[in-house]
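The structure appears below as structure tokens.
Protein chains: 2
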Amino acid sequence: MADNIPVLSQRAMAMPASPIRKLVPHADAAKERGIKVYHLNIGQPDIPTPDSFWNAVKNYDTDVLAYGHSQGLPSYRKKLAKYYQKVGYDVQPDNIVVTTAGSEAIIFCMMALCSPGEELVVPEPFYTNYNGFAVMSSVHLVPITCKAEDGFHLPPKEEIAKLITDKTRGIVYCSPNNPTGAVFTRDELQGLADLAREHNLFLMADEVYREFIYEGEHTSVFELEGIDQQAIILDSISKRYSACGARVGCIVTRNNELVEKLIRFGQARLCPPTLEQAGAEAALDEGDEYFEETMNEYKKRRDVVYDILMQIPDVVCLKPSGAFYIMAKLPVDNADAFAQWMLTDFSYENATTMIAPGSGFYATPNVGLDEARIAYVLNVDDLRKAMETLKLGIEAYNRR
Amino acid sequence: MADNIPVLSQRAMAMPASPIRKLVPHADAAKERGIKVYHLNIGQPDIPTPDSFWNAVKNYDTDVLAYGHSQGLPSYRKKLAKYYQKVGYDVQPDNIVVTTAGSEAIIFCMMALCSPGEELVVPEPFYTNYNGFAVMSSVHLVPITCKAEDGFHLPPKEEIAKLITDKTRGIVYCSPNNPTGAVFTRDELQGLADLAREHNLFLMADEVYREFIYEGEHTSVFELEGIDQQAIILDSISKRYSACGARVGCIVTRNNELVEKLIRFGQARLCPPTLEQAGAEAALDEGDEYFEETMNEYKKRRDVVYDILMQIPDVVCLKPSGAFYIMAKLPVDNADAFAQWMLTDFSYENATTMIAPGSGFYATPNVGLDEARIAYVLNVDDLRKAMETLKLGIEAYNRR
């Protein structure tokens, strides 16, 4: 008797493959051929996780690794509120819901703001997993297209207003931005806040790269005018303390009803990981010098990447001032095909460079086809080699 | 200018409060009055997490706590497959998707099987958080009502068949069962498998209490006939290794297409916690004596709870043979009111007992109103005192 195979849900069939990870089999094959692959495709920092984190985890002293509070460990929320107060926002421990990384923060908020079929407006290119979360929660993402020529800054407020319908429940943005590195200005963000106020929407800000600023300053959604009950911070320790594997993030809002409902989502899944919250709590003791050192390193890397990019004819890219990514329009017809070719057909001094094709960061079809994201997560020497290899690769690709 | 407060989603408003945790403020108030509260309301075991787990976490040696593989650490999946082979199921590492605890396993499967509005059939009373996950994923749970008089075993297959509609995508059950302690027999489960086969449905089995069996034997969904591509195991280390705060679970299926889509859900949230997977991997080295010792302890506890329950006139409850819960019909008109009264109005020798009212474990309205779940997660001495206190409480409540 043949096996029955029930069909999967429409939702499962609609789940996108990760554009960042889909080239991995080609990278593996290149490595099997003995070629070194410079990974500029993923946002995995090489900065050590602080000792304070490790010590707290290793000295965690209990017999039973028990459930923690669904809202997050009280001692962690207390100290986290102090961190936000120190960076200048009025946040109390009860305004915080600790989540299993930024991923859960985003999906909880999507679900709390939107029922199936409702809409969130989001500047594109955007963090590619927003797509996956939207499919999982049956939310429709409505993109605001930003352009390489404008340094991926926002279009005028009037353009954005045209995207708001009676199904729109919020606007979600990321600044400093993944994948572009753009840091939205206070004026740009106040424009979004004004739209949120005029249309009674939530304004969700993914601020996980808050400290990663090389020029200018970061403006938090909590500093904007007139949206006290509408502002939501999405946050994570993954990049701040180079602890991507810890899976600790949070949602911050002064809207008590939202907190109450988020706690219900939290209760359903019981709690975020306990040990890593202890580590995250300890990492909050890191002084300004920790961030200064890290930021100086990233700034140097950004300059290396940008300088070499600018030596490639016809690259379009304004110098980004935050996060650790650069999105650039490359002089190739199709960045997906080019990125794959770099892995399958090209090497220089027995090495090649892996980048993330741009199309996966857009919701609008056929946009960003000649763009790619470069994550500067290698040390300066390796990064220089990786970028020189990319430059030679582009030349070779266009000479084929 | 008054604050705008945008409304939350219908989904957020529909999220149920945890019936297990909703009495917590009354328990806190009792404690403030100096009353000791025996917590039989939550499934937090007091058994120590094994040293093997702690040692692996504390000796985890790396500078950067990096993202792990979205499907779970390969070394962990390899060893986990061996664990399943040892307990007798044909499982390969590629059949496993590691999740952030059993919670994520369930929600990923709900999403992969059902689009919004589609249905899963589930025996009730059931693990209360299934309700929350169903609201989050906009899935409709269709209950099969099981009764205290039958030891919460399944009704005849023909009764269950009547619940299947053209929107039904699967059947989900838990055995050994939370909240009832019932262990479904091979015949009962083969009945579900036959239904799954006849109606081309998935059959999802929450088997997190696999080792917690005091009489009879556990039958896995992977041992049932004719549903090779339809069988799904939902699993977790929370109870098995008393590591509830670790947040490590998994989904096991021989259906490759399902694995592929589950990995996409997994890629969206990047990875489960890394450190705890290392701990979970080490815990798999625990020998049979670890489980024997733990199970002997739980069996003693079950006997204490059951014996004292049987001394209370008009309690309805068959002796359950698994997990660490007993669900019983109590001689009170409303178990919600009674459970609250135990915290607000009753104490014996300056102590009271907290139980989980039954209604929250049912999807059918107004069923289980006189039932409660008792989790035997205290040592035998405390458990005896807690149960004697409960017995005296019931007498006093009915004399009011």
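Residue numbers (this note's numbering), protein chains in the order written: chain A, 11 to 410; chain B, 11 to 410.
C-beta atoms are modelled at their ideal positions from N, C-alpha and C, and glycine is treated no differently.
None of these values were measured; they are calculated from a predicted model.
Item                                                                                                                                                                    : Value
Is Gly112 (chain B) near the ligand HEM, judged by its Cβ being under 6 Å from some heavy atom?                                                                         : The ligand content of the structure shown is nil, which means the ligand HEM is not present either.
Just to make sure I have the definition right: I need the residues of chain A whose C-beta is within less than 8 Å of the C-beta of Arg179 (chain B). Which are they?   : Pro16, Ser19
Name the one or two DSSP bridge partners that Gly180 (chain A) has.                                                                                                     : A:Leu130, A:Phe212
Strictly below 9 Å CB to CB, what residues from chain A border Leu285 (chain B)?                                                                                        : Val67, Gly255, Ala256, Pro283, Leu285, Glu286, Gly289
Quick check on Gly82 (chain B) - is its C-beta less than 7 Å from some C-beta in chain A?                                                                               : no
Given 8 Å as the limit, is there contact between the stretch 206-221 of chain B and the stretch 181-190 of chain B, that is, 3 or more CB pairs closer than that?       : yes
If contacts are defined as beta-carbon pairs under 8 Å, then Phe334 (chain A) and Tyr300 (chain A) qualify, I think. What distance do you get, rounded to the angstrom? : About 16 Å; that fails the 8 Å criterion.
Ser413 (chain A) and Tyr86 (chain A) look like a contact to me (Cβ under 8 Å); what is the Cβ gap, rounded to whole Å?                                                  : Nothing can be reported for residue 413 (chain A), as the shown portion of chain A is limited to 11 through 410.
According to DSSP, is Val390 (chain A) part of a helix, a strand, or is it coil?                                                                                        : helix
Could you compute how far the alpha carbon of Tyr137 (chain B) sits from the alpha carbon of Tyr224 (chain A)?                                                          : 50 Å
Per DSSP, what kind of secondary structure is Cys260 (chain A) in: helix, strand or coil?                                                                               : strand
Looking at the structure shown, is Val342 (chain B) part of a helix, part of a strand, or coil, going by DSSP?                                                          : coil
Work out the CA separation of Phe143 (chain B) and Ala373 (chain B) for me, nearest whole Å.                                                                            : 13 Å
Of all Cβ atoms in chain B, is any one closer than 7 Å to the Cβ of Phe222 (chain A)?                                                                                   : no
Just to make sure I have the definition right: I need the residues of chain A whose C-beta is within less than 9 Å of the C-beta of Val74 (chain B). Which are they?    : Gln54, Pro55, Asp56, Ile57, Pro58, Thr59, Ser252, Ala253, Cys254, Gly255
From this set, B:Pro60, B:Ala22, B:Asn65, B:Ala76, which residue's C-alpha is nearest Pro283 (chain B)'s C-alpha?                                                       : B:Ala76
Can you list, in chain order, the residues of the stretch 138-152 of chain B whose Cβ is nearer than 7 Å to any Cβ on chain A?                                          : Asn139, Gly142, Phe143, Met146, Ser148
Give me the chain A residues within the contact set of Met25 (chain B), using Cβ-Cβ distance strictly less than 7 Å, ordered along the chain.                           : Lys271, Arg274, Phe275
Report the partner residues of Ala382 (chain A) according to the DSSP bridge assignment.                                                                                : A:Ala338, A:Pro367
Check this for me: beta carbons of Cys260 (chain B) and Thr110 (chain B), under 7 Å apart or not?                                                                       : no
Just curious, the beta strand (DSSP E) that Tyr316 (chain A) is in, first and last residue?                                                                             : Counting along the chain, Tyr316 (chain A) falls outside any beta strand (DSSP E), though it belongs to the alpha helix (DSSP H) covering 298-320.
Alpha helix (DSSP H) containing His36 (chain B): first to last residue?                                                                                                 : 34-42
For Ile116 (chain B), which option in B:Asp355, B:Val218, B:Ile336, B:Ile57 has the closest C-alpha, if you only look at C-alpha atoms?                                 : B:Val218
Which residue from A:Leu402, A:Arg409, A:Ala396, A:Ala406 puts its Cα closest to that of His49 (chain A)?                                                               : A:Ala396
Would you say Gln200 (chain B) faces chain A, with C-beta separation under 7 Å as the test?                                                                             : no
Quick one: which chain A residues come within Cβ less than 9 Å of Ala122 (chain B)?                                                                                     : Leu18, Ser19, Arg21, Ala22, Met25
Is the beta carbon of Leu400 (chain B) sitting closer than 7 Å to the one on Lys271 (chain A)?                                                                          : no
Using the DSSP secondary-structure output, state which residues sit across from Ala253 (chain A) in a beta bridge.                                                      : Ala253 (chain A) pairs with nothing; no bridge assigned.
Let me confirm a value: Met25 (chain A) is counted as buried when at least 16 other C-beta atoms fall within 10 Å, else exposed. Which label applies?                   : buried
Give me the chain B residues within the contact set of Gln350 (chain A), using Cβ-Cβ distance strictly less than 7 Å, ordered along the chain.                          : Residues of chain B passing the Cβ test: none, with the nearest at roughly 18 Å.
Check for me: the beta strand (DSSP E) holding Ile106 (chain B) runs from which residue to which?                                                                       : 106-109
Using Cβ-Cβ distances below 7 Å, what residues of the stretch 336-370 of chain B are close to chain A?                                                                  : none
To which residues of the same chain is Lys68 (chain A) closer than 7 Å at the C-beta, ignoring the five residues directly before and after it?                          : none
To which residues does DSSP link Ala223 (chain A) through a beta bridge?                                                                                                : The identity of residue 223 (chain A) in the sequence shown is Ile, whereas the question assumes Ala. Ile223 (chain A) pairs with A:Gly332.
Nearest CA to the CA of Glu42 (chain B): which residue from B:Leu353, B:Ala406, B:Ser369, B:His209?                                                                     : B:Leu353
Using a Cβ-Cβ cut-off of 7 Å, state whether Pro126 (chain B) counts as contacting chain A.                                                                              : yes
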